[in-house]
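Participant: At position 41 of the sequence shown the residue is numbered 24 (the working numbering), and the sequence of numbers has no breaks.
We treat Cβ as the ideally placed atom computed from N, Cα and C, and that holds for glycine.
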Amino acid sequence: MGSRHARAADRRAGRDLHLNQGHSNKLEALQELARQLGLPAAAICYMGDDDIDAPGIGIVPQQAMPSALQAAA
């Protein structure tokens, strides 16, 4: 999930990945992806490093923003 649209991400995404760009509300994007896949949101994992990523995060890189680190704790 990305808040911005990146052409590089389009090129890297294969047919087995779910690329979801252009969403400023990551929780809504996560819930929509879960609905599309027919899965509970708890079955989906994504990693982020910024404040916008905090909802739904289970893992973060070590250099993440404080709110993202706290959400993953």
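State the beta-bridge partners of I35 as determined by DSSP.
Facilitator: For the purposes of this step, residue 35 is taken as residue 52 along the sequence shown, with counting starting at 1. Looking at the DSSP assignment, I35 forms no beta bridge with any residue, so it has no partner.
Participant: Would you kindly work out how many angstroms separate the C-alpha atoms of S7 and I42, rounded to a whole number?
Facilitator: Along the sequence shown, one-based indexing puts residue 7 at 24. Along the sequence shown, one-based indexing puts residue 42 at 59. If I take the Cα positions, the gap works out to 19 Å.
Participant: Tell me whether G5 is buried or exposed, calling it buried when 16 or more other Cβ atoms sit within 10 Å of its Cβ.
Facilitator: Here the question's residue 5 lines up with position 22 in the sequence shown. So G5 ends up on the exposed side.
Participant: Are the Cβ atoms of K9 and P49 separated by less than 8 Å?
Facilitator: Reading the sequence shown from its first residue, position 26 is the one you call residue 9. Reading the sequence shown from its first residue, position 66 is the one you call residue 49. Cβ atoms of K9 and P49: not closer than 8 Å.
Participant: As a quick exercise: from R18, L13, I35 and D34, pick the residue whose alpha carbon is nearest that of C28.
Facilitator: Taking the first residue of the sequence shown as position 1, residue 28 is located at position 45. When only C-alpha atoms are compared, the closest one is L13.
Participant: Report the option in D32, E15 and P44 whose CA atom is closest to the CA atom of A24.
Facilitator: Looking up residue 24 in the sequence shown gives position 41. When each option's Cα is compared against that of A24, the closest is E15.
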